[in-house]
Amino acid sequence: SPQDVSKRLSLPMDIRLPPEFLQKLQMESPELPKPLSRMSRRASLSDIGFGKLETYVKLDKLGEGTYATVFKGRSKLTENLVALKEIRLEHEEGAPCTAIREVSLLKNLKHANIVTLHDIIHTERSLTLVFEYLDKDLKQYLDNCGNLMSVHNVKIFMFQLLRGLAYCHGRKILHRDLKPQNLLINERGELKLADFGLARAKSVPTKTYSNEVVTLWYRPPDVLLGSTEYSTPIDMWGVGCIHYEMVTGRPMFPGSTVKEELHLIFRLLGTPTEDTWPGITSNEEFRGYNFTQYRAQPLINHAPRLDSEGIDLLMNLLLYEAKGRLSAEAALRHPYFKSLGDRVHLLPDS
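Written out as structure tokens, the structure is:
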């Protein structure tokens, strides 16, 4: 119910208000003898305009689904562009649970490579999440450059993706819906993970709350074959698929059904055996499909722009056995990134 939504949400704790905001609203920042209580902090933020729909001007509609509409907007407080994700609450009870999950996670994730949640507005009829605005997603970026990114930019984007993911995984949070459309890029070339609606859910649904079908293209074979043991390797397979797509300009495994998706994977990486994937021959779903026995093809033939280190990274992300896949933290230390220099490892989180 909307009351439950209200109970479970609160404003971000780290909103700092520059003096010019207060001046603009002809308010003086009072001297505070002691820290604000949770209630008084919320009241103060509300006075200034946080948590209020009228603080934001809607501009263009960016997308719409059954439960959610996303608008480009502008904050009247800061004049900055924002993305307004408006989730309708009048549908059946389960509809906004992914939004609540996204809010509760993003409030605690503060990192340069994760999209910032600026504000939360809840009314009886809707829940609006106010995010920083980024110009485009990775899919649009690829389209704009004719699906041919420079190999140097691929490396920089990969490093940023892994940084954001390592931060999440270090906090026991999986993204679980990595795809180019969920990686946002600003005009400075900063890449940020977005859309945490499926993170920490108990199962991978077939539809999002925007009623879009969750794509199979970036889903690992263990999940396609029914595994519900979700842990960090589920995201690492998706990172490998995105790496390949940035380098080649085309999706790696664009299947439209589970069977077709698995077929595309096996045709390129080889049909799994007990050697390449211990335990696979006792998987009933795998046996039921009765796949042709394919031999693995050299990845260099399909991604010729990758050097040997890039191919090695890709191969270690696309391993059939989930526990063998490189972690995000280990991938950041891979020799593929050596040309970026040592200083990239000293970058602050925020």
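Taking my numbering, the leading residue of the sequence shown gets 44, the next gets one more, and so forth.
C-beta atoms are modelled at their ideal positions from N, C-alpha and C, and glycine is treated no differently.
Counting along the chain, the unbroken alpha helix (DSSP H) around SER351 starts and ends at 351-360. Separation of PRO276 and THR316 (C-alpha to C-alpha, rounded to the nearest whole angstrom) is 20 Å. Per DSSP, the continuous alpha helix (DSSP H) segment holding TYR332 begins and ends at 327-332. Nearest C-alpha to HIS306 among ALA339, THR291, MET289 and GLY281: ALA339. Inter-segment contact for the stretch 161-178 and the stretch 212-219 is absent: fewer than three beta-carbon pairs are separated by less than 8 Å. A residue is called buried once 16 or more other Cβ atoms fall within 10 Å of its Cβ, and ALA373, having fewer, is exposed. According to DSSP, residue pairing for GLU107 in a beta bridge involves THR112. The beta carbon of ARG206 sits closer than 6 Å to those of ASN156, all from its chain and outside the five residues before and after it, given in chain order. For ASP178, the closest of LYS119, GLY232 and MET201 by C-alpha to C-alpha distance is GLY232.
Distance from the CA of TYR261 to the CA of ASP220, rounded to the nearest whole angstrom, comes to 8 Å.
Take GLU364, set aside five residues on each side of it, and the residues of its chain with a beta-carbon closer than 6 Å to its own are TRP320, in chain order. Per the DSSP secondary-structure output, LYS101 pairs in a beta bridge with GLY116. The shortest CA-to-CA distance from LYS128 to any of MET289, VAL158 and LEU208 is the one to VAL158. In the DSSP assignment, LEU172 falls within the beta strand (DSSP E) that extends over 169-175. According to the DSSP assignment, LEU305 belongs to the alpha helix (DSSP H) that extends over 301-312.
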